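Reading through the structure tokens given below for one structure.
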């Protein structure tokens with residue numbers, strides 16, 4: 045039986061004449077990391093902010109752990125943790141004050157170890173406006189998770205973070221997921237979504253145009269799998285050699301590169317050919333289409349409609 | 000420490016930490032107090048009689064009408080209220096805690112003025128201390144209410160300056176701070192009755208100094224109290240969480256209702 049933490053049914057959000065979100069529906073299961081992807085203006089923020097109780101829907105229904113965000117904001121506040129895309133903290137608030145301030149409103153003891161974990165321990169007395177953009181985002185994340193909410197909303201969480209901070213954040217997200225936290229991740233970083241999300245939904249012009257696991261989405265596209273092969277001898281140097289399912293061939297840096305619609309038969313045939321020619325295989329790489337390529341394919345083909 | 004106390008403590012420290020707030024809460028009113036104390040005692044000796052209430056009302060106007068709204072508008076524009084809403088910070092706390100901490104800063108400033116003015120400039124101290132405290136609290140409440148209301152209806156910090164100066168400048172000129180209310184021409188005195196400063200000075204003369212007030216100080220007490228309650232209620236009613244105003248419950252012009260008690264005063268007094 046599915047254990048849905050978030051249920052969105054025919055959700056609609058309108059600003060004047062602009063339909064920002066047009067009757068979308070999706071569910072998120074407990075402990076899932078759900079990626080919300082889409083170009084600017086696709087409706088991601090309107091969806092997130094309505095789920096967070098910041099905006100009232102103009103149609104349909106929203107539920108977060110059985111709570112209607114627009115009507116039951118008091119119940120909602122301890123169920124969710126939110127890292128907003130913009131700061132959300134006063135300039136003069138110190139790092140330790142921020143932790144105390146928000147924990148007090150959630151009725152929990154301050155979790156200073158989170159500041160340590162996110163590399164803020166040495167800046168405890170620093171005011172918010174003196175922190176770098178990366179540290180500001182880390183602090184926002186620390187206060188968002190401090191009351192141990194079962195549902196987290198992360199809006200571009202790694203924007204402005206350096207590589208170690210990004211890795212640390214991803215590790216923290218995995219830990220939260222293991223502990224049963226459900227995470228809604230809105231991001232423009234397709235590599236991050238592909239790496240972290242269990243399922244993603246791609247929004248375009250207020251509608252969900254694709255949903256599924258990153259693997260499912262990339263598999264259903266028209267994208268070609270790239271098969272790069274390097275051999276000791278010249279067995280693959282003739283561009284007229286054909287292999288099954290290959291639509292394009294290229295040569296670069298001692299590699300023969302085949303773009304295949306069905307990489308299984310292609311790879312088998314290449315290996316058979318190399319052996320038949322008495323040649324030796326040095327390197328073989330298979331790169332399936334990335335989520336980013338699939339995203340561009342979807343948003344590119346439908347964006348102009 | 001509960002959430003309210005924690006929030007109050009943070010806001011109070013911000014009032015000292017933030018350079019603009021420090022200037023408007025302490026340095027500006029105390030600087031003007033020192034300057035006027037030196038100048039006016041020479042140029043206009045009768046000013047000394049009302050120096051303490053005039054400088055306290057000036058400080059209250061500076062802290063509440065000029066200084067209080069700006070950080071609130073800036074915070075709303077920066078999306079800080081959205082973060083507060085998500086984390087369960089009530090709208091009443093967002094408005095009233097900065098107002099209360101500002102009043103606390105004003106208590107410190109008022110204490111400095113009241114303690115030093117008799118020694119430095121020969122200003123007469125209050126005779127009726129309970130009346131003096133009542134005058135202070137009522138004035139601070141009424142002005143803080145207006146400050147909160149300005150923060151709620153102002154779409155930007157530029158609008159704050161406009162609304163704040165609409166109250167502050169007339170208060171300085173015809174609010175009884177520099178020129179006694181009784182010396183104003185009739186037309187100007189009617190306009191003066193629309194200002195909290197006028198009623199504050201009248202209440203002080205009647206309640207704290209047992210001097211002859213320009214009109215019954217009980218009216219001033221009632222008008223300041225009603226004005227403060229209306230301003231506070233309207234500020235909470237008209238409060239919006241973000242600059243898109245999607246959660247505002249009424250049109251900003253409703254804020255004019257806060258002037259109703261003062262308008263009644265113009266008619267009756």
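Residue numbers (my numbering), protein chains in the order written: chain A, 45 to 349; chain B, 0 to 268. Idealized CB from N, CA, C, for every residue including glycine. In this text the structure is predicted, and so the values were computed from the model without any measurement.
Worksheet item: Which runs of the alpha helix (DSSP H) spanning at least 4 residues fall entirely within the stretch 230 to 283 of chain A, listed in chain order?
Response: Fully enclosed alpha helix (DSSP H) runs of 4 or longer: 234 to 240, 258 to 263.
Practice prompt. Would you list, in chain order, the members of the stretch 115 to 134 of chain A that have their beta-carbon closer than 8 Å to a beta-carbon of chain B?
Written response: 117, 118, 121, 122, 124, 126, 128, 130, 131, 132, 133, 134
Fill in: Proximal chain B residues relative to residue 141 (chain A), where beta-carbon distance stays under 7 Å
In the first chain, the residue the question calls residue 141 (chain A) occupies position 97. Those are 9, listed as they occur along chain B.
Item to complete: Indicate the three-state DSSP secondary structure (helix, strand or coil) for residue 259 (chain B) in the structure shown.
Response: Numbered from 1 along the second chain, position 260 holds the residue referred to as residue 259 (chain B). Helix.
Practice prompt. Check whether the Cβ atoms of residue 246 (chain A) and residue 197 (chain A) sit closer than 9 Å, and answer yes or no.
Written response: Residue mapping note: residue 246 (chain A) aligns to position 202 of the first chain, counting from 1. Residue mapping note: residue 197 (chain A) aligns to position 153 of the first chain, counting from 1. No.
Worksheet item: Distance, Cα to Cα, residue 265 (chain B) vs residue 193 (chain B)?
Response: Within the second chain, numbered from 1, the residue matching residue 265 (chain B) stands at position 266. Within the second chain, numbered from 1, the residue matching residue 193 (chain B) stands at position 194. If I take the Cα positions, the gap works out to 7 Å.
Fill in: Own chain partners of residue 348 (chain A) with C-beta closer than 7 Å, once the 5 adjacent residues on each side are dropped
If you number the first chain from 1, residue 348 (chain A) lands on position 304. Bear in mind that a pLDDT of 42 at residue 348 (chain A), under 50, signals an unreliable position, so the model cannot answer this.
Worksheet entry | Given residue 181 (chain B) as reference, the closest of B:143, B:161, B:200 once Cα atoms are compared | One-based indexing of the second chain puts residue 181 (chain B) at position 182. Measuring from the Cα of residue 181 (chain B), the nearest candidate turns out to be B:200.
Worksheet entry | Assumed close pair residue 162 (chain A), residue 144 (chain A) - CB separation to whole angstroms, cut-off 8 Å | Within the first chain, the letter at position 118 stands for residue 162 (chain A). Within the first chain, the letter at position 100 stands for residue 144 (chain A). So it is not a contact: roughly 16 Å between Cβ atoms.
Practice prompt. Specify the secondary structure class of residue 178 (chain B) as computed by DSSP and reduced to three states.
Written response: Counting from one through the second chain, the residue named residue 178 (chain B) turns up at place 179. Under the three-state reduction of DSSP, residue 178 (chain B) is assigned to coil, being neither helix nor strand.
Worksheet item: Can you name the residues that DSSP bridges to residue 176 (chain A)?
Response: Start at 1 with the first residue of the first chain, and residue 176 (chain A) comes out as number 132. None, per the DSSP bridge assignment.
Worksheet item: Which whole-angstrom value describes the C-beta separation of residue 272 (chain A) and residue 329 (chain A), a residue pair presumed to lie in contact below a C-beta threshold of 8 Å?
Response: To locate residue 272 (chain A), count along the first chain from 1; it is residue 228. To locate residue 329 (chain A), count along the first chain from 1; it is residue 285. About 4 Å; that satisfies the 8 Å criterion.
Fill in: Neighbour list for residue 2 (chain B) in chain A, Cβ cutoff strictly below 7 Å
The residue given as residue 2 (chain B) occupies position 3 in the second chain. The contacting residues are 148, 149.
Practice prompt. Would you please state the rounded distance, in angstroms, between the beta carbons of residue 240 (chain A) and residue 124 (chain A)? I believe it to be under 8 Å.
Written response: Position 196 of the first chain, counted from the start, is the residue given in the question as residue 240 (chain A). Position 80 of the first chain, counted from the start, is the residue given in the question as residue 124 (chain A). No, residue 240 (chain A) and residue 124 (chain A) are not in contact; Cβ-Cβ is about 19 Å, not under 8 Å.
Worksheet item: How about residue 86 (chain B): is its C-beta nearer than 9 Å to some C-beta of chain A?
Response: Here residue 86 (chain B) corresponds to residue number 87 of the second chain, with the count starting at 1. Output row for residue 86 (chain B): interface = yes.
Worksheet item: Is any heavy atom of the ligand FMN found at a distance shorter than 8 Å from the C-beta of residue 11 (chain B)?
Response: Only the bare structure without any ligand can be found here, which leaves the ligand FMN out of the picture.
Worksheet item: In chain order, what residues of the stretch 80 to 109 of chain B put their CB closer than 7 Å to some CB of chain A?
Response: 81, 82, 84, 85, 86, 87, 88
Worksheet item: Helix, strand or coil: how does DSSP classify residue 186 (chain A) here?
Response: On the first chain, position 142 is the one that residue 186 (chain A) refers to. DSSP places residue 186 (chain A) in helix when its eight states are reduced to three.
Fill in: Contacting residues, own chain, Cβ-Cβ under 7 Å from residue 39 (chain B) (five flanking each side not counted)
Taking the second chain and counting its residues from 1, one reaches residue 39 (chain B) at position 40. Cβ within range, chain order: 46.
Worksheet item: Could you check where the alpha helix (DSSP H) with residue 129 (chain A) kicks off and where it finishes?
Response: In the first chain, counting from the first residue as 1, residue 129 (chain A) sits at position 85. Element bounds for residue 129 (chain A): n/a, residue is neither H nor E.
Discussion item. Just checking: is the beta-carbon of residue 200 (chain A) within a distance shorter than 9 Å of some beta-carbon in chain B?
Written reply: The residue given as residue 200 (chain A) occupies position 156 in the first chain. Closer than 9 Å: no.
Item to complete: Rank B:176, B:91, B:185 by C-alpha distance to the C-alpha of residue 198 (chain B) and give the top, closest one.
Response: Translated into positions along the second chain, residue 198 (chain B) becomes position 199. Residue B:176 is the option with its Cα nearest to residue 198 (chain B).
Item to complete: Quick one: grab the DSSP three-state call for residue 103 (chain A).
Response: The count along the first chain starts at 1 and reaches residue 103 (chain A) at position 59. The answer is strand: DSSP assigns residue 103 (chain A) an E or B state.
Fill in: Closer than 9 Å to chain A by CB, residue 70 (chain B)
Indexing the second chain from 1 puts residue 70 (chain B) at position 71. Closer than 9 Å: yes.
Practice prompt. Measuring only between beta-carbons, confirm whether residue 16 (chain B) sits less than 9 Å from chain A.
Written response: Within the second chain, numbered from 1, the residue matching residue 16 (chain B) stands at position 17. Chain A, which has a Cβ nearer than 9 Å to the Cβ of residue 16 (chain B), makes this yes.
Fill in: Contacts around residue 7 (chain B), its chain only, beta-carbon distance under 8 Å, and the 5 residues preceding and following it disregarded
Position 8 of the second chain holds residue 7 (chain B). Excluding positions up to five away in sequence, the list reads 96, 99, 100.
Worksheet entry | Member of A:127, A:179, A:86 whose CA lies at the smallest distance from the CA of residue 208 (chain A) | For the purposes of this step, residue 208 (chain A) is taken as residue 164 along the first chain, with counting starting at 1. Of the listed residues, the one whose Cα sits closest to residue 208 (chain A) is A:179.
Fill in: 9 Å Cβ cutoff met for residue 29 (chain B) and residue 112 (chain B)
The count along the second chain starts at 1 and reaches residue 29 (chain B) at position 30. The count along the second chain starts at 1 and reaches residue 112 (chain B) at position 113. Yes, the pair counts as a contact, with Cβ atoms nearer than the cut-off.
Discussion item. Determine, for residue 291 (chain A), whether the minimum Cβ-Cβ distance to residues of chain B falls below 9 Å.
Written reply: On the first chain, residue 291 (chain A) is found 247 positions in, with the first residue counted as 1. By this cut-off, residue 291 (chain A) is not an interface position.
Worksheet entry | Where residue 125 (chain A) sits in the DSSP three-state scheme | To locate residue 125 (chain A), count along the first chain from 1; it is residue 81. DSSP places residue 125 (chain A) in strand when its eight states are reduced to three.
Item to complete: Measure the alpha-carbon distance for residue 253 (chain A) versus residue 325 (chain A) and round it to whole angstroms.
Response: Along the first chain, one-based indexing puts residue 253 (chain A) at 209. Along the first chain, one-based indexing puts residue 325 (chain A) at 281. Their Cα atoms are separated by approximately 42 Å.
Item to complete: Could you name the residues that DSSP lists as bridge partners for residue 137 (chain B)?
Response: On the second chain, position 138 is the one that residue 137 (chain B) refers to. Its beta-bridge partners do not exist; DSSP assigns none.
Practice prompt. Could you spell out the range, first to last residue, of the beta strand (DSSP E) harbouring residue 332 (chain A)?
Written response: Walking along the first chain from the start, residue 332 (chain A) turns up at place 288. Careful: residue 332 (chain A) lies outside any beta strand (DSSP E) and carries neither H nor E.
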